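In our numbering, the protein residues as written are 13 to 823. All residues carry an ideal CB built from backbone N, CA and C; glycine is no exception. The structure presented is a predicted model; accordingly, all values stated were derived computationally and were not measured. Okay, so here's the structure we're looking at.
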C-alpha cells in the first residue's frame, strides 16, 4: 500500500486500520519537523521483546510500517527504507524510515531518511540505486550518490552524498516525470545492454499498467513504452533471473504489489511476454491488509543475487504495526507446471542458528510416542523436514506449532497426501518426497517447500509464554516416514548495531556500567558513578577522537586501551570543575585547567604511541596534555560518563577529522558543532558560528563547504569574539554566493548551489578590498570593498540547516 487511497478497496482497508488505531489510542498526527530538528529521533525505547514482536524479522521501533522502499547495498552495508508513520499506529503522514544491516539479518533502525516538510511532496513508495559512475554529477567527496525516487502523480528524486546518513531533495522536489492518471511507485534499474537507466512506474491511465522510461543521467527521462495489464496493480518491480541457473539464458520478470508476475523479455525500451496471465510467487494473503505485499529486490548487490523483501501487514503490537519478511533469494526454474519464480531464505539466515537438534529415519503415526518432538519446546526457531510421501499411508501429516498441555495450539500445518497440498496450497512431491522449511517467529511464520518452489509468508499471533511453546509432529489415519528433521534455535537479532552513534569502529558496543540510550545527537550515558560504553575493537598505538557534551554529568570523555569490563582503561575527559583530565583507575595522570560549560559540545582527540599519550581539545594544534604512562599497552575503544548524564558522538579512530591550518583552538557561537569523521558539521535554526582564536588582517582564506539541509554554509573572517561583528562569504541554496556582514548584504553572485554538493570558496582580503573566488576560478565572483572591520578572527558559519566545512586554510 504505497499511496493515499486511489480505489474504494484501499479506502476501506485504510479506514479499517485507522479505526483500529483509534481504538488502541493512536496519537494525533504530528506536523513535520524543521530542518533544525531533522531527523526525527529518538523513537521510544524498546527492548524488542513485546508480544508478537518478531525476533528475527524487522519491524519499526514504533509507529506504522508499510511498503519496502529502495532496498540497496552500498559499501558493505544493506539499506532498507520503508513507508513509515512514526507518529501513530495507522497509515498517515508518510515518511521514509531507514534501517541498515551488514548481513541482511541483524537490522538497526536509523533516523528518518525522508520527512514531510523537510523534503517536499508526497513521500510515497519508490526505489533507489547507487550512482557509482556519478552520472548525476552530484558526487561530493568520497561517497557515491545514493539516489531514491518517490512521489505520487509524478516522480521526484532525492539523493545522499554521505552514505545515506542524510538525503536532499533534488531541485526542491521538482517532478522529473509526470503522466496521465494516477501514478506512483517508481522502480529504477540499470540495463547493461543499452547502457541506460530504466524507470518503471505504475499508472492507471487507461487501466492498470506501467510506463517505462529511460535515462542516461537519472535526471532527464524519456517515455519509451507502456505495458498494460489488468492484474498489474501498484508497486511494480522488474528484474532479470537466470533460468535454471544458466547465466546465458536470463529472463525478465515483471511483478506487482501482490507478488503476481509474468516472465518475458525486455529490450531496453519495452517489456513483452507470451504469458496470458500472471502467476503468484507467494501463497500468503497478497493484499494491503494481508501477509505479503509490495516486495522489492535489492539494488547494487555485490554478488549478483536477486534478493527480495516484502511487507507483512498483519503483524501488530501495542507500539508498532507491520513488519518486513525475511530476505529471500529469488530464482527461476522450469517445473512440470512451467517456468516459475522460486523464493528461498538467503544463506545468511542459517548463521542465526544458535543450537540444533537432529532426528533421522523415523516413522510417525497417530501414536504420540512416535513423535520425535514430544517434550520439545521453543519460542523462535527454524524447522527443516523431509517426508517420504510415496511410502506414506497417512491421509494427512504435519506440524502443530506453539502447542499447550491441553492439546490446543496456535497454528497447524497439514499436508494432504491425496491432493498433494499443504493447507490447500499445491505442493507436489519431488521424487516421492516433500521438503519443508519453517521459520517461526513471535508474530511471523514463513514456509518454504521443495527448495523454494513453494513460498507462504504468513502472520500468526503466537503465544510465547513458556507453557505455549510446544511443537508437535502428527500423522492421521496411517504413517509417514520422516527422512530427516532438524530444529534450529534462533535467538533475537536485535541490538547488534547503533542507531544514532556515528563511528567507524566495526565491533559491537556494550555497556559496562551505567545506562546508554539513543539520542538525536548520538549516545547518552547516565551513571551515578563511572559508566562505560565499550567497543569490541582494540588497539595499542592509535588516534581516537569524539564529541562530548556534559548535561548533568560531572565528567565524560573518551576511553581507550580498556579491558572488556572497564576495570582497566585510560580515559581523557572533560570535567565540569574546569579541567581536561587524563586518568586511569587509581591515578590522575595529568590535568589541564580550562573553563568547561555544560550543554556545549567539546571535541577531544587522543593519540597514543607506546607509553606517550597526547590529548587535544577543540582542534587545537598543540596537545593540552602530553604525558607518559605504561600501565596498559592495548585495549578497547569506548566512552565514559561520571556522576550524571552526558552525550557522546562521532567516535572515530584514524579518521581524517577536521583539517585546518588555522593555528588555534575553535569555539562555538550558537548552534551545534560536531565532527562527523571528516570536517566540522554545524546545525542551527538560524545563524551559528564556529570561531577560532586566530586573528587576521590581510590574508587568503579558503575552505570546502557543503550544505546538507537548509540554506547556507560559509567562511567567516574578521570577526569579534561573539560574532556580532564579522564578514561572511557563503554558498546559499537559494542560488547565490553572498558576501555579507551584520545588517548588510555587501555583494552577491547568482549561480546554482545544490545541497549535498561541495563547493570551494576562497576569500582574499587586502585592506578594504574583499574578493571571493568560487571552485578554483581565476576571476573572483565577488570583487568589492567594505571598511567596517579591518581585522578579526577566522571562523565558519551555517544558517537555517546543517552544513559541513573542511580543509579550512589561511595564508
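Would you give the residue range spanned by the beta strand (DSSP E) that residue i belongs to?
i	result
residue 325	319-328
residue 147	From DSSP, residue 147 is part of no beta strand (DSSP E); its letter is neither H nor E.
residue 668	From DSSP, residue 668 is part of no beta strand (DSSP E); its letter is neither H nor E.
residue 250	249-255
residue 626	624-629
residue 407	Unbroken run through residue 407: none, as it is neither H nor E.
residue 346	340-347
residue 524	521-524
residue 594	591-596
residue 388	Where residue 388 is concerned, there is no enclosing beta strand (DSSP E), given that its DSSP letter is neither H nor E.
residue 306	305-309
Can you name the residues that DSSP bridges to residue i?
i	result
residue 77	96
residue 298	According to DSSP, which records beta bridges pairwise, residue 298 is partnered with nothing at all.
residue 725	743, 810
residue 678	704
residue 760	750
residue 128	131
residue 458	451, 469
Determine the direct distance from the alpha carbon of residue j to that of residue i, and round the result to whole angstroms.
i	j	result
residue 671	residue 691	7 Å
residue 549	residue 568	20 Å
residue 28	residue 101	For residue 28, the predicted model reports a pLDDT of 39, less than 50, meaning its position is unreliable; a value from the coordinates is still stated below. Cα to Cα, the separation comes out at about 12 Å.
residue 752	residue 180	26 Å
residue 68	residue 82	21 Å
residue 507	residue 800	55 Å
residue 326	residue 99	19 Å
residue 40	residue 76	Here residue 40 scores only 30 on pLDDT, less than 50, and its place in the model should not be relied on; the value that follows carries that caveat. If I take the Cα positions, the gap works out to 13 Å.
residue 361	residue 461	16 Å
residue 127	residue 172	14 Å
residue 348	residue 438	13 Å
residue 738	residue 802	10 Å
residue 477	residue 297	27 Å
residue 203	residue 239	17 Å
residue 798	residue 229	43 Å
residue 715	residue 313	36 Å
residue 191	residue 225	11 Å
residue 473	residue 769	48 Å
residue 525	residue 177	29 Å
residue 663	residue 729	30 Å
residue 265	residue 138	18 Å
residue 589	residue 339	52 Å
For residue i versus residue j, is the C-beta distance shorter than 8 Å?
i	j	result
residue 810	residue 718	no
residue 648	residue 532	no
residue 323	residue 79	yes
residue 560	residue 629	no
residue 667	residue 535	no
residue 540	residue 655	yes
residue 674	residue 806	yes
residue 794	residue 822	no
residue 294	residue 271	yes
residue 58	residue 74	yes
residue 221	residue 244	yes
residue 274	residue 290	yes
residue 484	residue 411	yes
residue 501	residue 367	yes
Mapping the DSSP letters down to three states, classify residue i as helix, strand or coil.
i	result
residue 176	coil
residue 578	coil
residue 362	helix
residue 223	strand
residue 205	coil
residue 779	coil
residue 815	strand
residue 787	coil
residue 476	coil
residue 489	coil
residue 531	strand
residue 276	strand
residue 139	coil
residue 380	helix
residue 185	helix
residue 60	coil
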